[in-house]
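Peer 1:
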């Protein structure tokens, strides 16, 4: 299977905190090219016009150790927080279980150009990008 097919089949699972106390986090399973109605409602309610998903795991699709990936992810997370982005955790799940789960980040209202710069910095081959009322799109770096 090609990398493009693998990335397009991946489930990008977004976890957002519930606004009501004692409720568990809400999960959205995002897929390339598929509109998820509840997710679109959440975007609207949270005034998110465009967004992106990125990981620091496995640069250039070379598998690193769990420890190396976690260190890279922590560094990316710190950078996103320093830049004051509104960030939520994501887990990238291969439905064929040929690739380990990757942790990443959903970034609200980040310009595509900024996300591509981060992807280059963290040696990623692709990002997921979307706008309200549109499908998530895989964008090659």
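Residue numbers (my numbering): 2 to 142.
Just so you know, even glycine gets a beta-carbon here, dropped at the ideal spot from N, CA and C.
The structure presented is a predicted model; accordingly, all values stated were derived computationally and were not measured.
Is the beta carbon of residue 45 less than 8 Å from the beta carbon of residue 111?
Peer 2: Cβ distance not < 8 Å, so residue 45 and residue 111 don't count as in contact.
Peer 1: At what residue ranges does the region 97–122 contain a whole run of the alpha helix (DSSP H), taking only runs of 4 or more?
Peer 2: Fully enclosed alpha helix (DSSP H) runs of 4 or longer: 113–122.
Peer 1: Which same chain residues end up closer than 6 Å to residue 13 when comparing Cβ atoms and leaving out the 5 residues on each side of it in sequence?
Peer 2: Closer than 6 Å at Cβ, skipping near neighbours: 31, 54, 91, 93 and 129.
Peer 1: Residue 69: which of 104, 6, 38 and 8 sits nearest, CA to CA?
Peer 2: Of the listed residues, the one whose Cα sits closest to residue 69 is 104.
Peer 1: How far does the alpha helix (DSSP H) with residue 81 in it extend, from its first residue to its last?
Peer 2: Residue 81 -> alpha helix (DSSP H) spans 67–83.
Peer 1: Apart from the five residues on each side of it in sequence, which residues of its chain come closer than 6 Å, Cβ to Cβ, to residue 74?
Peer 2: The residues are 57 and 104.
Peer 1: Report yes if the C-beta distance between residue 96 and residue 10 is below 8 Å; otherwise report no.
Peer 2: Yes.
Peer 1: What number of angstroms, rounded off, separates the C-alpha of residue 127 from the C-alpha of residue 42?
Peer 2: Residue 127 and residue 42: Cα-Cα distance of roughly 26 Å.
Peer 1: Using the Cα positions of residue 25 and residue 17, report the straight-line distance between them to the nearest angstrom.
Peer 2: Their Cα atoms are separated by approximately 9 Å.
Peer 1: Measure how close the beta-carbons of residue 139 and residue 29 come, nearest whole angstrom, since I'm counting them as under 8 Å.
Peer 2: No, residue 139 and residue 29 are not in contact; Cβ-Cβ is about 17 Å, not under 8 Å.
Peer 1: When burial is assigned at 16 or more other CB atoms within 10 Å of the CB, is residue 6 buried or exposed?
Peer 2: Exposed is the call here.
Peer 1: Taking Cβ to Cβ, would you say residue 52 is nearer than 8 Å to residue 120?
Peer 2: Their beta carbons are not under 8 Å apart, which means residue 52 does not touch residue 120 by this criterion.
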